[in-house]
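**Student:** In my numbering, the protein residues as written are 125 to 723.
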Amino acid sequence: MNKWQKLVTRLKKSSLQSRLLALLLLGFILIILASTTLVRSYLQDEYRMVFYEHKQKLLSSLVNRMEVELQHQEDSLRNIVEHLVTSSGWRPQQDLELLLQVALTSGHFDDYVLLDDQGVAQVDVPFFPGRQGTDYSDRPFVVQALEERKAVRSSPFLGRKTKRPLIAFTLPVIHQGELLGLLVGTHELLNNTTFTALSRDYSQLDSGELFILDNRKNLYVASENDELVLQPVDAPAHDLLSDLTHAEDNYGRLRDAQGNSWVYSKATLPLMDWTVLHVTPESQVLAPAESLLQQYLVMKLLMLAASGVMILFMVKRLLQPVRQAIEQLHSAVASDKGYQPLDTGIHGEIGQLLEAFNSLQAWRDHKERLADELVSIVSHELRTPLTSIQGSLKLLDSNEVALDSEQQKQLFSLAYRNTERLSYLVEDLLDMAAIKSGHLEVQLQPCKLSPLLEEAANNLACPLHSRQQQLIKLWPDKELLVKVDPQRFLQVLGNLLSNASKFSPEQSEIRLEVSSSNQEVKIAVIDQGPGIQPADQGRIFERFSQADASARREQGGAGLGLAIAKELTEAMGGHLRVESNGQTGSCFYIYLPLEPSHA
């Protein structure tokens, strides 16, 4: 058995209060987890979007500054070209060197090289040994400038003599329509004052790393790490930046091969066909969100703790009546004083529970009374006929009393009638048991109604004759067809007629009337008895129940007839009801559906 199973088993054995508190604790944990997940997701999304917007503004500003700076560099180079020639051609070399020395102080370029129309270096400032006389005509940007006679911006390259990573601006020197040469201004990428200043200003605003990538050669133009300059972006060690350069969106997040998550923003520099890229570890971007989330969790835990204390107090107050009820029940059992109704003055489910317990106990008391009454009734109903049978048989078996044939016949008749009475009682008890267990058998079949009514009336002839009562039969001449169990229907009608005879005075009338309407037939048994009080009309169909307890003593019976009649009528698809003004006479109605051919 693992820990969870042990915990569940322990909770099953614990008190209701412990279970409620455990459920509340579990609910609090689920609320905290769910709310924390939602809040974290919301905060992270919000912080990312704020970060993206912020970075995009900074990068746009940075690109604009770089474009302005590059344009200034090109403009300064054009201004120098205008002073390199006179009306007769090139200025003297000393003047050219002096002019380039002055231009160097502007800081737009790190050095200048003047090439002739063949691409051979003639003047370089500052002077670098071996550079003058070097042929640069194989450089792509030099070839393009010589052929197209226009300004050319180069991609990053490695200086042939300086062995330093450079970038060059090349401008043709044209005099009277003739190409005299080229002026090349270069930057050292590792000592690019423009990039260094921009990167420094940018890094002061936020953390992360800034890169400038050349899209044509897929190389690093500038980086805070000098070792990356002129390195290919597609190198295996730079897989993250390689993926970012090919990303379609200008901002987003990406996960590298090591599983680290990065947030990036990028912008393009069309003037140089460069990409300015900034990457930041996502953990740094989301650090403020995590800090805010921690504060939220602390506040949430404090609120839940305060709520938990209040709920604990309310649960104890709520369950106090239950504990008192338990103590009351234990006290009643221990003292054997009987059950006392529980206090149900409280509202809500607890009050309903106590009320339901009181109702349950009242129902059990009612069942016990019914059981006691059943024993009393059955004992009385059995004892009376058994006493008569026993007395009759004892007289017949006695040799001390001389009986003539007429007396013997009367004794046999008395024993037989009491035997039938016992048989009826046993049949009623068996029928009631079958009804209670749900095993009552009813075999429905189409039957003509009038023959069944005649048979029920004939079965009652003897009791009616003995009490000088008259049965008035009223039903239509047309034949009605109903779907019933013949024997069960006779049993229902016999019970109603027998009760009408039993409770009606002698020399009275009992009416048996039949009418049909609305797809059903209505059979009425009307007597002239004492009537049934409205309060008792619903109770007479219960088992072992009669409207007046004294009636059972006067008329006999176990109080099962009407209950059985009601159940049998409903089993045959009909229903049984009673009407009485509570003073004189009662009317019992049997409603049965007509067969379609007679509906």
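The C-beta atom is built at its ideal place from N, Cα and C for all residues, glycine as well.
Only a predicted model underlies this, so the values are computations on that prediction, with no experimental measurement involved.
Helix, strand or coil: how does DSSP classify residue 536 here?
**Tutor:** Here residue 536 refers to the residue found at position 412 when the sequence shown is read from its first residue. Helix, per DSSP.
**Student:** What do you get for residue 368, buried or exposed, if any count of 16 or more other CB atoms within 10 angstroms of its CB means buried?
**Tutor:** Indexing the sequence shown from 1 puts residue 368 at position 244. So residue 368 ends up on the buried side.
**Student:** Go through its chain and collect everything with a Cβ distance to residue 679's Cβ below 7 angstroms, but skip five positions before and after it.
**Tutor:** Translated into positions along the sequence shown, residue 679 becomes position 555. Since pLDDT at residue 679 reaches only 49, below the 50 mark, its modelled position is unreliable, and no value is offered.
**Student:** Thinking just about the alpha-carbon of each residue, which of 185, 217, 228 and 182 is nearest to the one in residue 203?
**Tutor:** Locating residue 203 in the sequence shown gives position 79, counting from the first residue. Ranking the options by Cα distance to residue 203, first place goes to 228.
**Student:** Reducing DSSP to helix, strand and coil, say where residue 704 ends up.
**Tutor:** For the purposes of this step, residue 704 is identified with residue 580 of the sequence shown, where counting begins at 1. Note: residue 704 maps to strand in three-state DSSP.
**Student:** In the structure shown, what three-state DSSP assignment does residue 685 receive?
**Tutor:** For the purposes of this step, residue 685 is taken as residue 561 along the sequence shown, with counting starting at 1. Note: residue 685 maps to helix in three-state DSSP.
**Student:** Note down, in chain order, each residue of its chain lying with its Cβ closer than 7 angstroms to the Cβ of residue 535, except the 5 sequence neighbours on either side.
**Tutor:** Translated into positions along the sequence shown, residue 535 becomes position 411. Excluding positions up to five away in sequence, the list reads 516, 519 and 520.
**Student:** Going by DSSP, name the residue or residues bridged to residue 403.
**Tutor:** Start at 1 with the first residue of the sequence shown, and residue 403 comes out as number 279. 333 and 388, per the DSSP bridge assignment.
**Student:** Quick check: the stretch 562-572 against the stretch 593-609, are at least 3 beta-carbon pairs closer than 8 angstroms?
**Tutor:** Yes: at least three Cβ pairs fall under 8 angstroms.
**Student:** Can you round the beta-carbon distance between residue 624 and residue 649 to whole angstroms, since I take them to be within the 8 angstroms contact cut?
**Tutor:** Sequence index remark: in the sequence shown, residue 624 carries index 500 (1-based). Sequence index remark: in the sequence shown, residue 649 carries index 525 (1-based). 5 angstroms between Cβ atoms; contact.
**Student:** Is residue 643 near residue 702, with beta carbons less than 8 angstroms apart?
**Tutor:** In the sequence shown, counting from the first residue as 1, residue 643 sits at position 519. In the sequence shown, counting from the first residue as 1, residue 702 sits at position 578. In this structure, residue 702 does not lie closer than 8 angstroms to residue 643 by Cβ.
**Student:** Short of 6 angstroms in beta carbon distance, which residues of its chain neighbour residue 712, apart from the five on each side in sequence? Order them along the chain.
**Tutor:** If you number the sequence shown from 1, residue 712 lands on position 588. Excluding sequence neighbours, residue 712 sits near 620, 649 and 702.
**Student:** Looking at C-alpha atoms only, which residue of 191, 152, 596 and 281 is the closest neighbour of residue 400?
**Tutor:** What you label residue 400 is simply residue 276 of the sequence shown in a count that begins at 1. Per the Cα distances, 191.
**Student:** Does chain C have any CB closer than 8 angstroms to the CB of residue 537?
**Tutor:** Absent from the structure: chain C. Only one protein chain is present.
**Student:** Which runs of the beta strand (DSSP E) spanning at least 3 residues fall entirely within the stretch 591-632, listed in chain order?
**Tutor:** Qualifying beta strand (DSSP E) stretches, in chain order: 594-598 and 605-608.
**Student:** Does the stretch 224-244 come into contact with the stretch 192-200, if we say contact requires no fewer than three beta-carbon pairs (one atom in each stretch) closer than 8 angstroms?
**Tutor:** Flag = yes, the stretch 224-244 and the stretch 192-200 touch.
**Student:** So residue 217 and residue 389 are in contact, right, with Cβ under 8 angstroms, and what is the actual spacing, rounded?
**Tutor:** The residue you call residue 217 lines up with position 93 of the sequence shown. The residue you call residue 389 lines up with position 265 of the sequence shown. That pair is no contact at about 49 angstroms.
**Student:** Classify residue 398 as buried or exposed, calling it buried when 16 or more other Cβ atoms lie within 10 Å of its own Cβ.
**Tutor:** Along the sequence shown, read from residue 1 onward, the residue named residue 398 stands at position 274. The residue in question, residue 398, is buried, as its Cβ has 16 or more Cβ neighbours within 10 Å.
**Student:** Could you check the C-alpha separation between residue 122 and residue 220 for me, to the nearest Å?
**Tutor:** Nothing about residue 122 can be reported from this structure: the residues present for the chain run from 125 to 723 only.
**Student:** Using the DSSP secondary-structure output, state which residues sit across from residue 312 in a beta bridge.
**Tutor:** What you label residue 312 is simply residue 188 of the sequence shown in a count that begins at 1. DSSP lists 290 as partners of residue 312.
**Student:** Classify residue 154: buried if its beta carbon has 16 or more other beta carbons within 10 angstroms, exposed otherwise.
**Tutor:** Position 30 of the sequence shown, counting from 1, holds the residue named residue 154. Residue 154 should be labelled exposed.
**Student:** Relative to the alpha-carbon of residue 257, which residue among 268, 270 and 242 has its alpha-carbon at the smallest distance?
**Tutor:** Along the sequence shown, read from residue 1 onward, the residue named residue 257 stands at position 133. The shortest Cα separation from residue 257 among 268, 270 and 242 belongs to 242.
**Student:** On the criterion of 16 or more Cβ atoms from any shown chain inside 10 Å, does residue 289 qualify as buried, or is it exposed?
**Tutor:** As a position in the sequence shown, residue 289 is number 165, starting the count at 1. That one is buried.
**Student:** Go to residue 712, then tell me how far its alpha helix (DSSP H) extends in each direction, as first and last residue.
**Tutor:** Residue 712 sits at position 588 when you count from the first residue of the sequence shown. Per DSSP, residue 712 belongs to no alpha helix (DSSP H); it is in the beta strand (DSSP E), 710-717.
**Student:** In or out: residue 305 buried (at least 16 other Cβ within 10 Å) or exposed?
**Tutor:** Translated into positions along the sequence shown, residue 305 becomes position 181. Buried, since its Cβ has 16 or more Cβ neighbours within 10 Å.
**Student:** State the Cα-Cα distance for the pair residue 646 and residue 594, rounded to the nearest angstrom.
**Tutor:** The residue given as residue 646 occupies position 522 in the sequence shown. The residue given as residue 594 occupies position 470 in the sequence shown. In a straight line, the C-alpha of residue 646 is about 21 angstroms away from that of residue 594.
**Student:** State the DSSP-derived secondary structure class of residue 299, mapped to helix, strand or coil.
**Tutor:** Counting from 1 along the sequence shown, the entry for residue 299 is found at position 175. Here residue 299 sits in strand by DSSP.
**Student:** Return the first residue and the last residue of the alpha helix (DSSP H) that residue 235 is part of.
**Tutor:** Taking the sequence shown and counting its residues from 1, the one referred to as residue 235 is at position 111. Taken as a continuous stretch (DSSP letters only), residue 235 belongs to no alpha helix (DSSP H), being part of the beta strand (DSSP E) at 235-240.
**Student:** Quick check: residue 309 and residue 335, are their CB atoms within less than 8 angstroms of each other?
**Tutor:** Start at 1 with the first residue of the sequence shown, and residue 309 comes out as number 185. Start at 1 with the first residue of the sequence shown, and residue 335 comes out as number 211. No, they are not a contact pair.
**Student:** Where residue 141 and residue 443 are concerned, what is the direct C-alpha to C-alpha distance, given to the nearest angstrom?
**Tutor:** Here residue 141 is taken as the residue at index 17 of the sequence shown, counted from 1. Here residue 443 is taken as the residue at index 319 of the sequence shown, counted from 1. Rounded to whole angstroms, residue 141 to residue 443 spans 8 angstroms at the Cα level.
**Student:** Could you name the residues that DSSP lists as bridge partners for residue 487?
**Tutor:** Residue 487 sits at position 363 when you count from the first residue of the sequence shown. Its beta-bridge partners do not exist; DSSP assigns none.
**Student:** Please list the segments of the alpha helix (DSSP H) lying wholly inside the stretch 156-190, counting only runs of 4 or more residues, in order along the chain.
**Tutor:** With a minimum length of 4 residues, no continuous alpha helix (DSSP H) run stays inside the stretch 156-190.
**Student:** Are the CB atoms of residue 387 and residue 144 within a distance shorter than 8 angstroms?
**Tutor:** In the sequence shown, counting from the first residue as 1, residue 144 sits at position 20. In the sequence shown, counting from the first residue as 1, residue 387 sits at position 263. Not a contact, by the Cβ cut-off of 8 angstroms.
**Student:** Based on the DSSP secondary-structure assignment, which residues constitute the bridge partners of residue 454?
**Tutor:** Residue mapping note: residue 454 aligns to position 330 of the sequence shown, counting from 1. DSSP, once it has assigned bridges, lists no residue as partnering residue 454.
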